[in-house]
Amino acid sequence: MGARAIDAATDPRHPPVGDGIAADEEARRVVAAVLGGDRNVFRILVERESRSLVRTCYRVLGDFHEAEDSAQEAFVTAYRALGTWRGEGPFGAWLSRIAVRIAVRRAGRRRPVAWIDPRPPADGGRAEGGSVSESALAAAMGGAPDPAHLAVRAERAAAIRAAVAGLDEPYREVVALRFFSDLSLAEIAAESGRPLGTVKTHLHRGLARLRRNLEERGVA
Amino acid sequence: MPRDRFRLDEIAGSAGTAAGGERPAEQAGLLATARELEWLAADNDVGPSEGFEDRVMAAIAGEPAPRPLAAAAGAARRGRPAGIFAALGDLWRVAWTGGRPLAVRAPAMALVLLLLAGSVGLGGLGAAAALGMLEPRKPAPVVTPSPAVPAPSPGPTTGPTTSPTPSPSPSPEPSESVEPSESPEPSGSPEPSESPEPSGSPEPSKTDRPASTSKPTPRPTASPDDEKTPKPTSTPHPTETPEPTGTPGPTGSPDD
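Top line first, the protein sequences correspond to chains A and B. All residue numbers for the first sequence refer to my numbering, where the first residue is 1 and numbers rise by one. All residue numbers for the second sequence refer to my numbering, where the first residue is 221 and numbers rise by one.
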């Protein structure tokens with residue numbers, strides 16, 4: 001996979017209370033500097049957001065290399081349009097929206113593939129997500145993955161990704177941003193410029209449609 | 221993972237969930253779907269590989285400066301009207317919304333104002349042109365003689381020495397042929413362009429002496445003067461009698 005181990009405590013998507021405002025202020029300063037001609041300062045934002053961006057793209061695509069390509073394309077796209085960032089919402093939310101669009105578009109172009117991940121499954125969504133080192137530790141402790149189980153899990157993941165990619169807009173974007181990009185509904189509303197009630201409706205309808213789609217695929 | 225796991229009250233108040241009117245089965249279905257998505261997200265928690273930031277910065281190094289003007293120029297170069305309009309919209313936002321340094325807003329403001337002024341000017345010019353086209357067209361005076369008029373041959377009945385105006389058609393001055401009796405040519409028209417053929421003008425009003433040509437040409441067969449015109453039917457149309465030799469009538473006109 002080539003993935004780097006993730007320490008949940010230092011995940012920039014989960015900053016301590018109060019760091020969000022400081023991060024936004026830093027992003028505004030960096031953007032102003034880049035627009036003033038210092039493009040190398042953009043590295044600060046790349047280093048800060050790359051982990052969450054690659055993760056978001058990977059959740060949409062299920063392929064690590066495609067996820068990195070999509071994340072890189074999202075950074076370049078954001079750099080080109082940096083002058084259009086209003087600076088009102090979090091920079092990460094703006095960037096995630098770009099990345100989700102790129103990843104979903106890329107997912108729609110290719111056939112769904114069930115990538116088999118040799119790592120053991122995470123704990124049903126309760127844990128923060130297994131890093132590579134945690135997976136290796138679990139395997140060493142006797143939790144060797146069953147190939148059949150891995151195949152079933154991969155097919156299930158591929159079916160969910162395909163169902164999300166098959167949603168219509170704006171349901172697809174809201175579902176992806178909420179569940180794959182870790183944004184709250186308030187952040188999605190602020191970033192997309194839609195009322196919070198509208199975003200709630202989109203999420204509700206998106207989940208309902210996704211449910212029907214998964215039932216048709218025999219996943220749910 | 222989001223900060224909190226999905227709960228149904230997160231979408232409370234949305235359309236379709238009015239006052240708890242949703243059935244428990246539907247609520248369970250929504251929750252189950254949300255758990256599937258959370259499972260997928262938790263199962264795909266990865267980070268970038270080594271050197272990812274360097275690759276991104278290398279890709280950005282080849283990009284132009286992130287300015288809306290550059291984006292508009294790039295869209296124009298690529299020939300994408302939608303991109304141009306989007307870039308202009310970005311220009312407007314950059315110019316008139318806050319949160320950006322003055323060094324970025326000032327050029328955008330200047331360009332927006334320039335585009336506005338240009339649009340107003342072009343619109344005014346277009347309106348003026350449209351009004352000008354709607355006005356009734358005035359008749360333009362004919363000042364140039366038709367260059368296509370061939371030099372008429374003096375005709376067999378008139379010698380060049382007897383005619384004071386051997387080539388009357390190119391002469392725009394009717395005074396030069398004020399004497400029709402002396403002129404062997406029937407085209408005493410003051411406007412040569414309307415009588416290109418020397419054999420005769422079909423419009424009597426254009427001649428100096430309308431009576432000289434009006435009688436044979438309009439209704440040659442019904443005219444009582446047919447007896448005096450040997451071949452009146454051969455000269456109703458100038459094009460039909462290109463040769464003046466076939467129209468001996470001019471000199472034999474009743475006026476003469």
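Even for Gly, the Cβ is constructed at its ideal location relative to N, Cα and C. It should be emphasised that the depicted structure is a prediction, and the values quoted were computed from it without experimental measurement.
Residues in the same chain with beta-carbon distance under 7 angstroms from G166 (chain A), minus the five sequence neighbours each way, listed in chain order, please.
Closer than 7 angstroms at Cβ, skipping near neighbours: N213.
Is it a yes or a no for the stretch 152-168 of chain A touching the stretch 187-195 of chain A, going by three-plus beta-carbon pairs under 8 angstroms?
Output reads no: the stretch 187-195 of chain A does not touch the stretch 152-168 of chain A.
For the stretch 31-47 of chain A, enumerate the residues whose C-beta is nearer than 9 angstroms to any C-beta of chain B, in chain order.
Flagged, chain order: V31, A32, A33, V34, L35, G36, G37, R39, N40, F42, R43, V46, E47.
Taking DSSP as the reference, what is the three-state secondary structure of P440 (chain B)?
Interpretation of P440 (chain B) is limited by its pLDDT of 43, a score under 50 that renders its predicted location unreliable; the figure taken from the coordinates is listed afterwards. In the structure shown, P440 (chain B) sits in coil (DSSP, three-state: anything other than H, G, I, E or B).
Taking only three categories from DSSP, how would you classify V46 (chain A)?
Looking at V46 (chain A) - three-state DSSP - the assignment turns out to be helix.
F226 (chain B): which of A:L185, A:R217, A:P195, A:E215 sits nearest, CA to CA?
That would be A:L185, whose Cα lies nearest to the Cα of F226 (chain B).
Does the CB of A103 (chain A) have a neighbour CB from chain B at under 7 angstroms?
Closer than 7 angstroms: no.
Please classify P301 (chain B) as buried or exposed, where buried requires at least 16 other C-beta atoms within 10 Å of its C-beta.
Flag for P301 (chain B) reads exposed.
With 7 angstroms set as the bound, which would you pick, yes or no: does the beta-carbon of E134 (chain A) sit closer than that to a beta-carbon of chain B?
Bear in mind that a pLDDT of 45 at E134 (chain A), under 50, signals an unreliable position, so the number given afterwards is only what the model happens to contain. For E134 (chain A), the answer is no, since every Cβ of chain B falls outside 7 angstroms of its Cβ.
Can you tell me which of the three DSSP states F226 (chain B) falls into?
Of the three classes helix, strand and coil, the one that applies to F226 (chain B) here is coil, per DSSP.
Between A157 (chain A) and chain B, is any beta-carbon pair separated by less than 7 angstroms?
A157 (chain A) counts as touching chain B.
Between the stretch 173-183 of chain A and the stretch 95-103 of chain A, are three or more C-beta pairs nearer than 8 angstroms?
Contact holds: three or more Cβ-Cβ distances are below 8 angstroms.
Along the alpha helix (DSSP H) that carries F64 (chain A), what are the first and last residues, could you check?
Residues 64-80.
Is the stretch 65-85 of chain A close to the stretch 265-272 of chain B, with three or more CB pairs under 8 angstroms?
They touch, by the three-pair rule.
For A232 (chain B), which of helix, strand or coil comes out of DSSP?
The answer is coil: DSSP assigns A232 (chain B) none of H, G, I, E or B.
Where do the ends of the alpha helix (DSSP H) carrying W94 (chain A) lie?
Its alpha helix (DSSP H) spans residues 91-109.
Check whether the Cβ atoms of E283 (chain B) and Y79 (chain A) sit closer than 7 angstroms, and answer yes or no.
Yes. Within cutoff.
Nearest-angstrom Cα distance between E169 (chain A) and V175 (chain A)?
Going by the C-alpha atoms only, they are around 10 angstroms apart.
Near R106 (chain A), what residues of its chain come up, given a Cβ to Cβ distance below 7 angstroms and the 5 sequence neighbours on each side ignored?
L61, E66, S70.
For a contact meaning CB atoms closer than 8 angstroms, what does F272 (chain B) contact in chain A?
What F272 (chain B) touches in chain A: S50, V54, E68, A71, Q72.
Could you check if A281 (chain B) is buried or exposed, using at least 16 other CB atoms within 10 Å of its CB as the buried criterion?
With fewer than 16 Cβ atoms within 10 Å of its Cβ, A281 (chain B) is classed as exposed.
From the DSSP output, in three-state form, read off W312 (chain B) for me.
It is helical.
May I have the straight-line CA-CA distance separating D24 (chain A) from W85 (chain A), to the nearest angstrom?
Taking the straight line joining both Cα atoms gives about 12 angstroms.
May I have the straight-line CA-CA distance separating R205 (chain A) from Y171 (chain A), to the nearest angstrom?
Going by the C-alpha atoms only, they are around 7 angstroms apart.
Have a look at R211 (chain A) and A148 (chain A) and give me their C-alpha separation to the nearest angstrom.
Those two C-alpha atoms are separated by around 25 angstroms.
Write down the C-beta distance between A74 (chain A) and L53 (chain A) rounded to the nearest angstrom, noting that I regard them as a contact closer than 8 angstroms.
Between L53 (chain A) and A74 (chain A) the Cβ distance is about 6 angstroms, and since that is below 8 angstroms, they are a contact.
Between V76 (chain A) and the rest of its own chain, which residues show a CB-CB distance below 8 angstroms, the 5 nearest in sequence each way excluded?
Excluding residues within five positions, none has a Cβ falling inside 8 angstroms.
Output yes if chain B places a C-beta closer than 7 angstroms to the C-beta of H204 (chain A); else output no.
For H204 (chain A), the answer is yes, since a Cβ of chain B falls inside 7 angstroms of its Cβ.
If you measure beta-carbon to beta-carbon, which residues of the stretch 72-88 of chain A are closer than 8 angstroms to chain B?
Correct list: Q72, F75, V76, Y79, R80, A81, L82, G83, T84, R86, G87, E88.
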